[in-house]
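Novice:
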Ligand SMILES: [Zn+2]
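In UniProt numbering, the protein residues as written are 1 to 437.
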């Protein structure tokens, strides 16, 4: 064989090998493409329509990355099930039909318990408010009695509005919750709630899926759904009330951490503080800047006669609350203004550390003390900017919750509706609620 023939046959052999492996890769790619078309595709397309409000087929194809023919099949399936409908555009110049989910097909409940206040909102599947109510408790220390009342209030609200059944219930409770088990975990001020089988009780009572989470996580989710951060997927929600806690939204979802207690910032040590906290440590953030701590500081100031406003209130009412400080600041009392600014600065110094670590696009301040308003949030913003990297803060938005009291029940509703329409739950949700499924 000549040298030329040797090289030529080696070249041909190599080229054939290349064709062979390319062919295998193509078959593999086709197989992967086939694997994509599973029942999950139906859930994926339903959720694209659900999160976009109204959308045409071309945009669904673009957002899903699935072929046009698959989209067509899945849309027909969803229309047949009654889950979505085609909407004729009012303007004849818009030729394309739009798809939307049928919100009126079912209902979920968002339940939110505070220390004394219960808020319930019933949403349709489009997360529009159907009806709502508020109920007050003298005390929530007895879980049996408290949950008996919550169940009764929820049943009454459904009955009064002609709602026969719920597709799911999301509940936010004001203490640490083991999300996976649906049980409270060592709540500091209400010990009888520890390990109380909350999720099981509600699932048995209402016969639908139930998710239980802590108050801050559901508030964060609510704010992300309808509040000032609807376009953002990485932000921090900070609840400032008697306690202080944070909810982390990462890539549009709650980040709970390894054991579910991510965001428990109330016990981060504040530099240079010696104040004793109920947890046994000294200098915890909520022991310095939480509602109770501020009321105690106001009482000290009144007793020292440093604020005529607070002194007069203390003499009249025998005690002071954080809201008295707010009213004092509005009335122009300098001590009250100073107290609010100091609390904002202390919280801001802790938030600065979180900003450097997490780089959120926004920090949303909620909870009772958000009523302190711009004076409070302005001091936080200043401390964050002073103590974080420029790159992390130059577009950082620090704002007050837009939803206020509604962030909790809205987030609880969002939590359960995202769950029942997730890829894992979609088929059983349809089977459970629609005969056609
Ligand atoms: Zn502590």
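Each residue gets a CB set at the ideal place from its N, CA and C atoms; glycine is no exception.
As the structure is a computational prediction, the values presented were derived from the model and not from experiment.
Which runs of the beta strand (DSSP E) at least 3 residues long sit entirely within the region 307 to 375? Give them in chain order.
Specialist: Counting only runs of 3 or more, we get 362 to 366.
Novice: Where residue 108 and residue 223 are concerned, what is the direct C-alpha to C-alpha distance, given to the nearest angstrom?
Specialist: The residue given as residue 108 occupies position 108 in the chain shown. The residue given as residue 223 occupies position 223 in the chain shown. Distance between the alpha carbons of residue 108 and residue 223: 18 Å.
Novice: Does DSSP classify residue 47 as helix, strand or coil?
Specialist: Here residue 47 refers to the residue found at position 47 of the chain shown. Here residue 47 sits in helix by DSSP.
Novice: Beta strand (DSSP E) containing residue 508: first to last residue?
Specialist: Only positions 1 to 437 of the chain appear in this structure, which leaves residue 508 out of reach.
Novice: Just to confirm, does residue 281 get its C-beta within under 7 Å of one of the non-hydrogen atoms of ligand 1?
Specialist: Against the chain shown, residue 281 aligns to sequence position 281. At least one heavy atom of ligand 1 is nearer than 7 Å to the Cβ of residue 281, so yes.
Novice: I'd like to confirm something about residue 392: is its beta-carbon nearer than 7 Å to some heavy atom of ligand 1, or not?
Specialist: In the chain shown, counting from the first residue as 1, residue 392 sits at position 392. Outside the cutoff, so no.
Novice: Using DSSP bridges, identify the partner residues of residue 276.
Specialist: Within the chain shown, the letter at position 276 stands for residue 276. Answer is 282.
Novice: If you run the structure through DSSP and keep just helix, strand and coil, what is residue 143?
Specialist: In the chain shown, counting from the first residue as 1, residue 143 sits at position 143. Correct three-state label for residue 143: helix.
Novice: Do residue 284 and ligand 1 come close, with the Cβ less than 7 Å from some heavy atom?
Specialist: Here residue 284 is taken as the residue at index 284 of the chain shown, counted from 1. Yes, the beta carbon of residue 284 sits closer than 7 Å to at least one heavy atom of ligand 1.
Novice: For residue 382, name the three-state secondary structure that DSSP assigns.
Specialist: Translated into the one-based positions of the chain shown, residue 382 becomes position 382. Residue 382: helix per DSSP, three-state reduction.
Novice: Just tell me which of 168, 113 and 315 has its CA closest to the CA of residue 177.
Specialist: Locating residue 177 in the chain shown gives position 177, where the first residue counts as 1. Closest option to residue 177, Cα to Cα, is 113.
Novice: Return the bridge partner residues of residue 236 from the DSSP annotation.
Specialist: Residue mapping note: residue 236 aligns to position 236 of the chain shown, counting from 1. In DSSP, residue 236 forms a bridge with 248 and 363.
Novice: Three-state secondary structure (DSSP) at residue 205?
Specialist: As a working mapping, residue 205 is identified with position 205 in the chain shown. If DSSP states are grouped into helix, strand and coil, residue 205 belongs with the helices.
Novice: Tell me the rounded alpha-carbon separation between residue 356 and residue 382.
Specialist: Locating residue 356 in the chain shown gives position 356, counting from the first residue. Locating residue 382 in the chain shown gives position 382, counting from the first residue. Whole-angstrom Cα-Cα distance: 15 Å.
Novice: Give me the Cβ distance between residue 351 and residue 377, rounded to the nearest whole Å; I'm assuming they're in contact under 8 Å.
Specialist: Position 351 of the chain shown, counted from the start, is the residue given in the question as residue 351. Position 377 of the chain shown, counted from the start, is the residue given in the question as residue 377. Contact flag wrong, Cβ pair sits at about 11 Å.
Novice: Are there 16 or more other CB atoms within 10 angstroms of the CB of residue 134, so buried, or fewer, so exposed?
Specialist: Here residue 134 is taken as the residue at index 134 of the chain shown, counted from 1. Exposed, since its Cβ has fewer than 16 Cβ neighbours within 10 Å.
Novice: Is residue 277 near ligand 1, judged by its Cβ being under 7 Å from some heavy atom?
Specialist: Residue 277 sits at position 277 when you count from the first residue of the chain shown. Because some heavy atom of ligand 1 lies under 7 Å away, the Cβ of residue 277 counts as near it: yes.
Novice: Measure the alpha-carbon distance for residue 46 versus residue 210 and round it to whole angstroms.
Specialist: The sequence position of residue 46 within the chain shown is 46, counting from 1. The sequence position of residue 210 within the chain shown is 210, counting from 1. Approximately 21 Å between the Cα atoms of the pair.
Novice: Among 167, 195 and 251, which residue has its Cα nearest to the Cα of residue 180?
Specialist: Mapped onto the chain shown, residue 180 falls at position 180. The shortest Cα separation from residue 180 among 167, 195 and 251 belongs to 195.
Novice: Look at the alpha carbon of residue 48 and the alpha carbon of residue 299, and state the distance between them as a whole number of angstroms.
Specialist: By 1-based counting over the chain shown, the position of residue 48 is 48. By 1-based counting over the chain shown, the position of residue 299 is 299. Going by the C-alpha atoms only, they are around 54 Å apart.
Novice: Measuring straight from C-alpha to C-alpha, what distance separates residue 31 and residue 40?
Specialist: The residue labelled residue 31 in the question sits at position 31 within the chain shown. The residue labelled residue 40 in the question sits at position 40 within the chain shown. Residue placement at residue 31 is poorly supported in this model, since its pLDDT is 37, which falls under 50; the coordinates still yield a value, given next. Whole-angstrom Cα-Cα distance: 16 Å.
Novice: Residue 111 to residue 119, Cα distance in whole Å?
Specialist: Reading the chain shown from its first residue, position 111 is the one you call residue 111. Reading the chain shown from its first residue, position 119 is the one you call residue 119. Distance between the alpha carbons of residue 111 and residue 119 is about 6 Å.
Novice: What residues in its chain sit with their C-beta under 6 Å from that of residue 249, if we drop five residues either side in the sequence?
Specialist: Within the chain shown, the letter at position 249 stands for residue 249. Answer for residue 249: 220, 224 and 235, listed in chain order.
Novice: Which residue's Cα is closest to the Cα of residue 173: 130, 158 and 117?
Specialist: By one-based count along the chain shown, residue 173 stands at place 173. Among 130, 158 and 117, the Cα nearest to that of residue 173 belongs to 117.
Novice: Give the single residue among 232, 127 and 261 whose Cα lies nearest to the Cα of residue 185.
Specialist: Working through the chain shown from its first residue, we reach residue 185 at position 185. Nearest of 232, 127 and 261 to residue 185, Cα basis: 261.
Novice: Using only the alpha-carbon positions, how far apart do residue 343 and residue 75 sit?
Specialist: Position 343 of the chain shown, counted from the start, is the residue given in the question as residue 343. Position 75 of the chain shown, counted from the start, is the residue given in the question as residue 75. Approximately 53 Å between the Cα atoms of the pair.
Novice: Taking buried to mean at least 16 other C-beta atoms within 10 Å of its own C-beta, is residue 331 buried or exposed?
Specialist: Taking the first residue of the chain shown as position 1, residue 331 is located at position 331. That one is exposed.
Novice: Cβ atoms of residue 244 and residue 207: under 8 Å apart, would you say?
Specialist: The residue you call residue 207 lines up with position 207 of the chain shown. The residue you call residue 244 lines up with position 244 of the chain shown. For residue 207 and residue 244, no; Cβs fall outside 8 Å.
Novice: DSSP on residue 191, reduced to helix/strand/coil?
Specialist: Your numbering for residue 191 matches position 191 in the chain shown. Three-state DSSP puts residue 191 in a helix.
Novice: Quick one, which of 155, 247 and 252 has its alpha-carbon nearest residue 231's?
Specialist: Start at 1 with the first residue of the chain shown, and residue 231 comes out as number 231. Looking at the Cα atoms, 252 is the closest of the given residues.
Novice: Out of 202, 193, 264 and 391, state which residue places its alpha-carbon closest to the alpha-carbon of residue 239.
Specialist: Counted from its first residue, the chain shown places residue 239 at position 239. Checking every option, the nearest Cα to that of residue 239 belongs to 264.
Novice: For residue 424, is the classification buried or exposed, using 16 other Cβ atoms within 10 angstroms of its Cβ as the cut-off for buried?
Specialist: To locate residue 424, count along the chain shown from 1; it is residue 424. Classification of residue 424: exposed, given that the 10 Å Cβ count is below 16.
Novice: Within 10 Å of its beta-carbon, does residue 191 have 16 or more other beta-carbons around it, so buried, or fewer, so exposed?
Specialist: Within the chain shown, residue 191 is the residue found at index 191, counting from 1. Result: exposed.
Novice: Going by beta carbon distance, what residues of the same chain come within less than 8 Å of residue 128, once the five residues before and after it are set aside?
Specialist: Residue mapping note: residue 128 aligns to position 128 of the chain shown, counting from 1. Same-chain partners within the cutoff: 103.
Novice: Spatial neighbours of residue 213 within its chain, please: CB distance less than 7 Å, with the 5 preceding and 5 following residues excluded, ordered by chain position.
Specialist: Locating residue 213 in the chain shown gives position 213, where the first residue counts as 1. Counting only Cβ-Cβ distances below 7 Å, and skipping sequence neighbours, we find 172, 177, 179 and 415.
Novice: Would you say the region 399 to 410 touches the region 360 to 369, given that touching needs at least three Cβ pairs under 8 Å?
Specialist: These segments touch.
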